[in-house]
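Notes follow once the structure below has been shown.
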Amino acid sequence: MSEWRLYEVFVRSKHGLNHKHVGSVHAADNEMAMENARELYTRRNEGVSIWVVPSETITASASDEKEILFDPSEDKVYRHASFYKLPDEVGHM
Amino acid sequence: MYAQMVETGTKRLKTLEEMSPEERDFQEKVDAETKIEAKNWMPDGYRKTLIRQISQHAHSEIVGMLPEGNWVTRAPTLKRKLQLMAKIQDEAGHGLYLYSAMETLGADRDEEIQKLHDGKAKYSSIFNYPTLNWADMGAVGWLVDGAAIVNQVVLQRTSYGPYSRAMVRICKEESFHQRQGYQILLDMMREGTQEQKDMVQDAINRLWWPALMMFGPHDDESPNSQQSMVWKIKRKSNDELRQMFIDQTIPQLEFLGCTVPDPDLKWNEERGHYDFGDINWKEFYDVLKGNGPCNRERIATRKKAIDDGAWVREAAVAYAAKQKQRADKAA
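Following this line, the structure appears as structure tokens:
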């Protein structure tokens with residue numbers, strides 16, 4: 001089965017929600033990947049929509065890139081609403 | 094426990110000072126309960142131990158379908174047959190979630206399955222016992238899945254992210270297994286004939302000790318546990334888990350109106366736990382070595398399933414290649 005492609009499976013659990021990664025399946029083609037994903041990950045109403053994506057087509061950030069990619073956002077506290085202190089009298093904003 | 098005696102390759106635990114900077118970073122992350130993900134650096138021993146444990150766990154789910162498969166065509170009613178098939182399909186699913194988690198560590202599924210077929214990889218000792226009467230389907234669901242739940246609920250907090258997430262999914266489904274098993278027994282005890290009630294007791298008599306063996310050897314006989322606990326692959330020791338299982342199961346047993354084949358079993362007020370008799374460890378090691386009642390049959394059945402399905406897998410690849418060729422030509 002190793003010669004079969006590996007697919008990552010994403011399931012939308014309810015209308016209005018995002019697809020979420022749930023795991024992977026092996027399959028000979030896209031159609032079979034969809035069928036396998038359905039059998040494996042949605043046996044109990046877990047979803048209303050499935051995406052299957054060949055794993056090799058996903059570009060992921062490497063774990064050692066964490067600082068390069070995400071550090072700059074930490075010193076930009078002014079991007080958060082909580083940075084702006086307003087007097088209580090203004091009420092909820 | 095679905096994984097018993099997982100080799101870690103460590104003789105002695107390293108102190109933080111003895112570790113390389115990478116190892117120390119890793120251990121500090123584990124200590125802080127940060128989940129380790131596939132692309133993170135991890136010690137070689139951690140990776141290998143996880144591959145062994147997850148593959149053993151997956152093999153157990155897959156081989157675990159066989160004792161139940163024995164009763165699909167013999168289930169007493171259509172309702173019971175459908176329930177049993179749903180449960181067996183879940184076990185297949187659990188095996189596949191786990192193989193997927195194992196693959197994130199760089200292990201190859203086919204290779205690991207080959208190891209099982211060559212007798213180099215283990216699976217839980219429990220599945221080497223035969224299922225001789227219909228009540229065994231109840232007792233397997235209640236006791237075997239019950240023991241698995243005790244272990245797996247704790248494993249939801251295991252340090253490796255993909256393994257932990259597979260466990261969360263599996264635990265959700267296991268409680269259906271245990272409840273359907275217990276209900277089979279309850280029905281037989283409440284509405285059954287004397288012969289059917291005797292069947293229930295007989296099933297419990299045969300499966301009780303093997304179910305307790307699922308948790309593996311005593312802590313002092315389990316040299317690999319220490320390392321697995323430090324890595325937080327394991328979260329509770331074999332003896333702790335076994336005691337938890339006994340404590341929660343005995344009241345359910347009494348409700349059924351049955352007994353376990355252990356004259357030493359009694360509530361210990363002082364400890365707040367049940368005391369229980371000695372486990373026959375010789376039997377445990379014999380079964381693990383491949384000499385249980387059904388070891389050869391189980392592996393032979395798995396091999397046959399893979400061999401008989403070869404043409405389907407080949408056809409699927411050929412079909413996919415042909416479809417691709419056609420699509421390429423049309424483009």
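Quick mapping for you: the protein sequence lines, in order, are chains A and B.
In terms of the working numbering, the first sequence has 38 at position 38, counting the first letter as 1, and numbering is strictly consecutive.
In terms of the working numbering, the second sequence has 196 at position 103, counting the first letter as 1, and numbering is strictly consecutive.
Every residue, glycine too, gets a C-beta built ideally from N, C-alpha and C.
Note that the structure is predicted; figures quoted are calculated from it, not measured.
field: Partners in chain B for Met32/A, counting only beta-carbon separations shorter than 7 Å
entry: Residue mapping note: residue 32/A aligns to position 32 of the first sequence, counting from 1. Per Cβ cutoff of 7 Å: Ala409.
query: Nearest to His187/B by CA position, among Phe119/B, Asp238/B, Lys174/B, Asp280/B, is which residue?
result: Mapped onto the second sequence, residue 187/B falls at position 94. When only C-alpha atoms are compared, the closest one is Asp238/B.
- prompt: Along chain B, in chain order, which residues have C-beta atoms closer than 7 Å to that of Asp29/A?
  reply: In the first sequence, the residue the question calls residue 29/A occupies position 29. Residues of chain B passing the Cβ test: Ala413, Gln416.
message: Determine whether the beta carbon atoms of Lys215/B and Gln320/B lie at a separation below 8 Å.
response: In the second sequence, residue 215/B corresponds to position 122, counting from 1. In the second sequence, residue 320/B corresponds to position 227, counting from 1. Not in contact: Lys215/B and Gln320/B (Cβ atoms no closer than 8 Å).
8 Å Cβ cut-off: residues of chain A touching Tyr256/B: Taking the first residue of the second sequence as 1, we reach residue 256/B at position 163. Those do not exist, as Tyr256/B stays about 12 Å from chain A at its closest Cβ, beyond 8 Å.
Outcome for Ser24/A when other beta-carbon atoms lying within 10 angstroms are tallied against a minimum of 16: Position 24 of the first sequence, counting from 1, holds the residue named residue 24/A. Burial call: buried.
message: Looking at chain B, is there any beta carbon in it that lies within less than 8 Å of the beta carbon of Glu120/A?
response: The structure shown does not extend to residue 120/A, since chain A is modelled only from 1 through 93, so no value can be given for it.
query: Ends of the alpha helix (DSSP H) at Asp48/B?
result: Residue 48/B cannot be examined here, being either before or after the span of chain B that is shown, 94 to 424.
Phe308/B - DSSP class collapsed to helix/strand/coil: Here residue 308/B refers to the residue found at position 215 when the second sequence is read from its first residue. Phe308/B falls in the coil class under three-state DSSP.
query: Glu161/B and Lys132/B: beta carbons closer than 8 Å?
result: As a first step, residue 161/B must be located in the second sequence, where it is residue number 68. As a first step, residue 132/B must be located in the second sequence, where it is residue number 39. Cβ distance not < 8 Å, so Glu161/B and Lys132/B don't count as in contact.
- request: Output yes or no for whether 8 Å exceeds the beta carbon distance between Pro354/B and Ile219/B.
  value: Taking the second sequence and counting its residues from 1, the one referred to as residue 354/B is at position 261. Taking the second sequence and counting its residues from 1, the one referred to as residue 219/B is at position 126. It is not a contact, given that the beta carbons lie outside the stated cut-off.
message: Quick check: Val48/A and Lys85/A, are their CB atoms within less than 8 Å of each other?
response: Walking along the first sequence from the start, residue 48/A turns up at place 48. Walking along the first sequence from the start, residue 85/A turns up at place 85. No; because the gap between Cβ atoms is not below 8 Å, this pair is not in contact.
query: Which class does Val48/A belong to by DSSP, given the choice of helix, strand or coil?
result: Within the first sequence, residue 48/A is the residue found at index 48, counting from 1. In this structure, Val48/A counts as coil in the three-state DSSP scheme.
- request: Taking only the alpha-carbon atoms, compute the straight-line gap between Met158/B and Ala393/B and give it to the nearest angstrom.
  value: Along the second sequence, read from residue 1 onward, the residue named residue 158/B stands at position 65. Along the second sequence, read from residue 1 onward, the residue named residue 393/B stands at position 300. Taking the straight line joining both Cα atoms gives about 14 Å.
- prompt: Taking Cβ-Cβ distances shorter than 7 Å, what residues in chain A pair up with Ser193/B?
  reply: Indexing the second sequence from 1 puts residue 193/B at position 100. Within chain A, the residues near Ser193/B are Gly23, Ser24.
- prompt: Along chain B, in chain order, which residues have C-beta atoms closer than 9 Å to that of Arg95/A?
  reply: Because chain A in this structure spans residues 1 to 93, residue 95/A falls outside the shown range and cannot be described.
- request: Can you give me the Cβ contacts of Asn18/A inside the same chain, cut-off strictly under 8 Å, excluding the 5 residues immediately before and after it?
  value: Translated into positions along the first sequence, residue 18/A becomes position 18. Answer for Asn18/A: Arg12, listed in chain order.
message: Out of Ala408/B, Pro223/B, Glu314/B, Arg167/B, which one is the CA nearest neighbour of Pro388/B?
response: Position 295 of the second sequence, counted from the first residue, corresponds to residue 388/B. Checking the displayed sequence, the identity of residue 388/B turns out to be Asn instead of Pro. Of Ala408/B, Pro223/B, Glu314/B, Arg167/B, the residue nearest in Cα terms is Pro223/B.
- prompt: Cβ of Phe369/B within 8 Å of Cβ of Leu358/B?
  reply: Your numbering for residue 369/B matches position 276 in the second sequence. Your numbering for residue 358/B matches position 265 in the second sequence. A contact, by the Cβ cut-off of 8 Å.
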